[in-house]
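In the working numbering, the protein residues as written are 292 to 587.
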């Protein structure tokens, strides 16, 4: 339990600090280039990990299942869209709105489960979804347009989670397959930019090059820690701890990068936090209420 808490909290803290990493690259590397390098170096890092752990046995069976490959191709596209949106948001001073996307993501996941998996949300979960929807409408009315960044991040990551929930591979081989499927796109893009004399990796400083190479372990290590933690602690506790990430991102956006969080936007965030509190308390109550019954 203690090890699981450590792994889960550490992964969420690392994800919460991602804006610092991407901000360090923004001066020399465009967002799309960062995403392509992230795919490339993540695949190479994961290939090394799989080789060291001798965990390539899953490749043969997967190659004989076109439906599995198709599902992971779809999740790779969603992951690419999510990464691109997030990195663009961070490097264009929209960290606060990006954090909103991950605050509302749990409610989006519940809604997707209801639509596609026929899961029946409970009363407090419906109330949390309604509050989150009201907050989004409030933010839309205040800004004059929907919070597209937050909605894109929530929908792409929620849909990604839906596909991974029904997938047959675990976190490590699953991410390796996704990056492998996205690798031709990354290599083609990098080859094209090189041919056009716009290879930002070649023209960047040495420190920036090392930061790009580090995208592999920076992307993969938190995911592996999360997978290790999620196996050791209750899922409801994982759901509560996940709010560490957008909370850190929100604090970084406001206090480190001086993004605006005025009264109107703060009101929307407060409603979201109330919805999250209902969602989390309901999940924890259901988990601990079920334990005595299970033990008898």
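In this text, a Cβ means the ideal position worked out from N, Cα and C, and glycines have one as well. Given the structure is predicted, the values throughout are model-derived calculations rather than measurements.
Mind checking residue i: buried by the 16 CB within 10 Å criterion, or exposed?
i: residue 383; result: exposed
i: residue 464; result: buried
i: residue 408; result: exposed
i: residue 540; result: buried
i: residue 324; result: buried
i: residue 427; result: buried
i: residue 585; result: Only weak support exists for where residue 585 lies, its pLDDT of 49 falling under 50; the value from the coordinates is given anyway. The residue in question, residue 585, is exposed, as its Cβ has fewer than 16 Cβ neighbours within 10 Å.
i: residue 543; result: buried
i: residue 569; result: buried
i: residue 379; result: buried
With DSSP run on the structure shown, which of helix, strand or coil describes residue i?
i: residue 533; result: coil
i: residue 449; result: helix
i: residue 373; result: helix
i: residue 324; result: helix
i: residue 397; result: helix
i: residue 549; result: coil
i: residue 556; result: helix
i: residue 585; result: Any reading at residue 585 is ruled out, since the residue's pLDDT is 49, under 50, leaving its predicted position unreliable.
i: residue 388; result: helix
i: residue 574; result: helix
i: residue 542; result: helix
i: residue 382; result: helix
i: residue 297; result: helix
i: residue 455; result: helix
i: residue 308; result: coil
i: residue 528; result: helix
i: residue 435; result: coil
i: residue 408; result: coil
Do residue j and residue i have their beta-carbon atoms positioned less than 9 Å apart in this structure?
i: residue 446; j: residue 420; result: no
i: residue 451; j: residue 327; result: no
i: residue 471; j: residue 334; result: yes
i: residue 483; j: residue 444; result: no
i: residue 513; j: residue 301; result: yes
i: residue 332; j: residue 506; result: yes
i: residue 555; j: residue 429; result: yes
i: residue 503; j: residue 316; result: yes
i: residue 396; j: residue 313; result: no
i: residue 528; j: residue 365; result: no
i: residue 566; j: residue 418; result: yes
i: residue 360; j: residue 491; result: no
i: residue 523; j: residue 296; result: yes
- Message: Across the region 547 to 559 and the region 377 to 391, are there enough close Cβ pairs to call them in contact, namely three or more that are closer than 8 Å?
- Response: With contact defined as three or more Cβ pairs closer than 8 Å, the region 547 to 559 and the region 377 to 391 are in contact.
- Message: I'd like to know if the region 335 to 346 and the region 565 to 579 are in contact, where contact means that at least 3 CB-CB pairs between them fall below 8 Å.
- Response: Contact between the region 335 to 346 and the region 565 to 579 is absent: fewer than 3 CB-CB pairs across the two stretches fall below 8 Å.
- Task: Note down, one range per segment and in chain order, each beta strand (DSSP E) of at least 3 residues found wholly within the region 457 to 524.
- Result: DSSP runs (the beta strand (DSSP E)) wholly in the region 457 to 524: none.
- Runs of alpha helix (DSSP H) lying entirely within the region 310 to 369, each at least 4 residues, in chain order: You should have 322 to 343, 350 to 354.
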